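Visitor: Sequential numbering from 18 applies to the sequence shown in the numbering used here. Mind looking over this structure? Questions follow.
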Amino acid sequence: MVNLIREQYATLYFANKCSGAFLFCVFLYMVMILLPFFIGFTTADFWILKRTTFQTPKVSSFDEYYLKILLSDGTQKTYTNIPEIQLVLGATQPGAFYFSQKSLSQNEQDEFQAKTSNFTSNFFVDLLTEQAIKQIREIQILIFYEYDLDETISMNMQGYAFASLKSPHGISSASTIGQLRLSQRHPIFSGKTPRTKYNYSSYYNGLGQVLLDPIEIIENTIYNRNESIFYDYVSYIIPPTTALEVTNTPARETELDKDQFPIAFQTTTNDTTTNNTNTSTTVDIQKGVYLPVYLSHSSQLTINMTLQIPNKEMVMYQTEIIEALKFSWMQYLSIFLIFWFFGSLILEFVVQNKVFATQAVVNIPIPLKSYSKLKLD
C-alpha cells in the first residue's frame, strides 16, 4: 500500500493567567526579545553612524600655478600665470615657461582595473642669473586643480598641490613625485546633493579678495577644513654645477659632500693589487636618479612636478537613518536567533518535566489551522 498522507501530532500545554508557568513563560520571552537588543546596543558599531567607502577621484587641472623663489639675501621672486594675481602684482611681473600634460597608466586598456592619472608639470625659468641660481634656498610651488567625487559620496571642491623644496647650496634642477591624498576630520553626510562647501578658488580669501600670496592659505585656512587634499611627495634636488665640481681632496674635507646629491654619473678610481703590482682602474658609477631630473643650464631653473591620482580613495561618510537601521537590525536578528533557540529548549524542558503545573492536550494534528479553538473542560 502507498502512504498518501502522514499526519503529525503535537502536544499543547495550557496554564492559567498569573500562574507560575504563565509568569515564567512571559519572563523568558522578554529575556529572549530584550536582552539581544541591550547586548547589541552596548557593543561597538551597533548604530553605524559612519562608514568608509572607496571611490575613484576625478581630478582636472586648471593649468594655473604659483611659484615663489626665496633667495639667501632675504628677497623673493614670484612667477604665476593667474590673471587675477598678475593684475595685483602689476604688468612688470616676470613669467616662466610652463606646460602641463596628463597621461594614463599602462592599465588604461584593461577594463577590469581602474585607471591612474598622472599630471606632469614642468617649469623652466630663464630670467634668473647664475648668481641667483646659487642663492636659491627654497622653492614653493602651488598647482591648482578641481577634485570631484560622484559615486556613493558626491563632492566638488577646488584645491592645490603644494611642494616646498629647500637646499642650502642653491637649486638648478628639482623634481617631485607624489600622490594627491584626501584628508578628513569628520565624515561627510551621504546625501544626494553634492557637497560644494569648498568649491571656490584657493587664491581667494573668505571675503572674495585675491590673495597676493596664496601660500598663506596653507597655514590660515586649508588645514582648518573638514576635507582637504594634501600632496604626499618626495623630492630630488640638484644644486648648480659649480657646486658639484670634484676636487682632489677627500670628501670629508670638502665643503660640499657630493654623495648627498643625485648626480647622474660620477667618476671614481679603484686601486687593486695583483702579484705586487698596483693597478688603477677608472670606472663610472651610476647614481640612483629615480625621477626625470633635467640637468639645466647654469642660469636656468628647471622644475618637474608629477601628481599621481590614486585609483581608489578612502572616504568616510555619515550613514542615513535607513542604512543605520538596516545594519542595526541585522546585528539584533543575529543575536536574537541564538537566544530564541536556547530559550525554546529551556521552555520545552520546563513544561515537559512539570516544573510548573500545566494542562496538556496530546495527539493534536499539526495541520489544524488554529489551536485557539480548542477548549478545555
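Even for Gly, the Cβ is constructed at its ideal location relative to N, Cα and C. Predicted, not measured: the structure shown is a model, and the values here were computed from it.
Are there 16 or more other CB atoms within 10 angstroms of the CB of E81, so buried, or fewer, so exposed?
Guide: buried
Visitor: So what's Q317 in DSSP terms, helix, strand or just coil?
Guide: coil
Visitor: Using DSSP with H/G/I as helix, E/B as strand and the rest coil, what is A180?
Guide: strand
Visitor: What's the gap between the Cα of G37 and the Cα of V48?
Guide: Cα atoms of G37 and V48: separation of roughly 17 Å, rounded to the nearest angstrom.
Visitor: What residue range does the beta strand (DSSP E) around G195 cover?
Guide: 190-201
Visitor: In the DSSP output, what is D249 paired with across the bridge?
Guide: Q196
Visitor: In this structure, what does DSSP give as the bridge partners for T69?
Guide: DSSP, once it has assigned bridges, lists M333 as partnering T69.
Visitor: Could you tell me which uninterrupted beta strand (DSSP E) segments, each at least 3 residues in length, are contained entirely in the segment 139-174, listed from first to last along the chain?
Guide: 153-167
Visitor: In terms of residues, what are the limits of the alpha helix (DSSP H) holding Y221?
Guide: Here Y221 belongs to no alpha helix (DSSP H), and DSSP marks it neither H nor E.
Visitor: Taking all protein chains shown into account, do 16 or more other C-beta atoms lie within 10 angstroms of the C-beta of A178, making it buried, or fewer, making it exposed?
Guide: Taking all protein chains in view, the Cβ of A178 is crowded by 16 or more other Cβ atoms within 10 Å, so the residue is classified as buried.
Visitor: What's the gap between the Cα of N328 and the Cα of Q148?
Guide: 43 Å
Visitor: Please classify V12: is it buried, with 16 or more other beta-carbons within 10 angstroms of its beta-carbon, or exposed?
Guide: With the chain covering 18 to 394 only, the question about residue 12 has no answer from this structure.
Visitor: For P211, tell me which candidate among A180, Y164, I188 has the shortest Cα-Cα distance.
Guide: Of the candidates A180, Y164, I188, the one whose C-alpha sits nearest the C-alpha of P211 is Y164.
Visitor: If we count the other Cβ atoms within 10 Å of its Cβ and call it buried at 16 or more, is V251 buried or exposed?
Guide: Exposed, since its Cβ has fewer than 16 Cβ neighbours within 10 Å.
Visitor: At the level of alpha carbons, what is the spacing between N173 and S190?
Guide: 35 Å
Visitor: Sort S192, V379, S207 by Cα distance to I339 and report the nearest one.
Guide: Distance from the Cα of I339 is smallest, within the candidate group S192, V379, S207, for S207.
Visitor: Just to confirm, are T398 and T323 a CB contact at a threshold of 8 Å?
Guide: With the chain covering only 18 through 394, there is no way to say anything about residue 398.
Visitor: Pick out whichever of Q376, Q317, E101 has its Cα sitting closest to the Cα of D143.
Guide: Q317
Visitor: Determine the burial state of S184: buried for a count of at least 16 other Cβ atoms within 10 Å of its Cβ, exposed for fewer.
Guide: By the beta-carbon neighbour count (other beta carbons within 10 angstroms, threshold 16), S184 is buried.
Visitor: Am I right that Y349 and K67 are in contact with their C-beta atoms under 8 Å? What's the rounded C-beta distance?
Guide: Rounded to the nearest angstrom, the Cβ distance from Y349 to K67 is 20 Å, too far for a contact under 8 Å.
Visitor: Taking the alpha carbon of I160 as the reference point, which residue from G176, R154, S171 has its own alpha carbon closest?
Guide: G176
Visitor: Looking only at DSSP bridge pairs, what is Q369 linked to?
Guide: For Q369, which the question treats as bridged, DSSP gives no partner whatsoever.
Visitor: Might you give, ordered along the chain, the residues of its own chain that have their beta carbon closer than 8 Å to the beta carbon of F31, omitting 5 neighbours on each side?
Guide: T375, Q376, A377, V378, L393
Visitor: Using a Cβ-Cβ cut-off of 6 Å (strictly less than) and excluding sequence neighbours within five positions of F71, which residues of its own chain qualify?
Guide: Excluding positions up to five away in sequence, the list reads K329, M331.
Visitor: M174 CB to nearest chain B CB: under 8 Å?
Guide: The chain inventory of the structure shown lacks chain B, comprising one protein chain alone.
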